[in-house]
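Participant:
In the numbering used here, the protein residues as written are 1 to 196.
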């Protein structure tokens with residue numbers, strides 16, 4: 001498509017000599033329409049994030065970016081990469097080789113043929129979340145995150161309250177220390193925006 005999707009040219013179909021199933025998306029944005037001379041750094045970063053999101057959340061696909069296969073192959077690796085990148089950007093990078101991988105608690109389970117992948121790590125003192133429903137980023141969280149978060153917080157409080165010498169913990173105190181990750185498949189989800 002070109003000219004603001006008014007003109008359609010015939011598709012360019014090439015012979016698949018390797019018999020691989022693949023989809024290659026190539027685009028050149030109409031920068032003039034957006035009053036831009038080139039793609040700015042923020043837009044490029046957002047597009048790259050979406051590709052990494054896909055690599056971490058979609059099962060059974062090889063994801064390439066600019067001709068190079070991404071090393072992220074599952075949701076656990078995605079969580080580890082995400083946390084390490086945030087720590088690095090925030091100046092909280094690790095100093096020893098043994099600490100180079102962030103500590104992530106991860107679990108996956110299937111419920112009626114729907115996969116739920118859940119993980120958490122220690123945050124920087126602010127409650128954080130990164131979640132996906134049917135491979136769509138839900139940046140504001142939602143009921144699915146609240147559902148997972150409440151269970152994690154309850155189990156942590158239960159575990160820590162076994163120590164009779166410690167002061168009683170409140171749920172918000174634990175919640176502030178967690179970074180929750182959720183990747184789930186939900187039948188007929190509802191979204192409150194068109195971000196998807």
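Every residue gets a Cβ at the ideal spot worked out from N, C-alpha and C, and that includes glycine.
1) Would the segment 133 to 144 and the segment 164 to 172 be scored as touching if the rule is three or more Cβ pairs under 8 Å?
2) According to DSSP, which residues form a beta bridge with residue 119?
3) With distance defined between alpha-carbon atoms, name the residue in 57, 151 and 123 nearest to residue 131.
4) Quick check on the burial criterion: 16 or more other C-beta atoms within 10 angstroms. Buried or exposed for residue 178?
5) Would residue 24 be called buried (16 or more neighbouring beta carbons within 10 Å of its own) or exposed?
6) Less than 8 Å separating the beta-carbons of residue 153 and residue 182?
7) Extract the residue ranges of the beta strand (DSSP E) inside the segment 126 to 169, only unbroken runs of 3 or more that lie entirely within it.
8) Among the candidates 62, 109, 40 and 41, whose CA atom is the shortest distance from the CA of residue 184?
9) Quick one: using the 10 Å Cβ neighbour count with 16 as the cut-off for buried, is residue 129 buried or exposed?
10) Could you tell me the distance, in whole angstroms, from the CA atom of residue 103 to the CA atom of residue 85?
11) Quick check on the DSSP output: the alpha helix (DSSP H) that includes residue 79 runs from which residue to which?
Facilitator: Reading from the atomic positions:
1) no
2) 106 and 181
3) 57
4) buried
5) exposed
6) no
7) 128 to 133
8) 109
9) buried
10) 13 Å
11) 75 to 89
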